[in-house]
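Residue numbers (full-length UniProt numbering): 1 to 167. Glycine residues also receive a C-beta, built at the ideal position from the N, C-alpha and C atoms. To start, the structure itself, in structure tokens.
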């Protein structure tokens, strides 16, 4: 049986200029080939750079990419892996203050919160709606989204990639 293939995106939302070549090397090592990013200035953070890299590889490459680039100080990133007919998708978010957050995603890109995680949130909340909301926010990665959102908007001026073949 052939290995299932996946695809996704690495979004480097902000990285110090000196870190950029190291990120390219780490991503290239994770996917097994040299890569070059198109770096641009990150207007939200003076002196920082941003890049987007579209990848394809075996299922699980998203996790390998997130592992390869996590842990560097001052780095904000997002890695996505689209679902396949045989595997769930995933989304890895990283900020310097919060660390890494992983969430399973569905075919539309929505975060999927598992039954056990919901039951845990209900148990921890012990009837408190405020605590339940806090626990569900943690499960959804709301704090990561809030911190990354200004950096995402910086990509609104990025060039458009037209998809000619879908599926």
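- DSSP, read as helix, strand or coil, puts residue 112 in strand.
- For residue 49 against residue 17, the beta-carbon gap comes to about 6 Å, under 8 Å, which counts as contact.
- One alpha carbon belongs to residue 129, the other to residue 145, and they sit about 22 Å apart.
- Burial state of residue 42 is buried, judged by a 10 Å Cβ sphere holding 16 or more other Cβ atoms.
- When 118, 53, 76 are compared, the shortest CA-CA separation from residue 44 is found for 76.
- The Cβ atoms of residue 82 and residue 4 do not sit closer than 8 Å to each other.
- Residue 67 carries a helical assignment under DSSP once its states are collapsed to helix, strand and coil.
- Between the alpha carbons of residue 10 and residue 120 lies a gap of roughly 31 Å.
- Of 117, 96, 126, the smallest CA-CA separation from residue 147 is found for 96.
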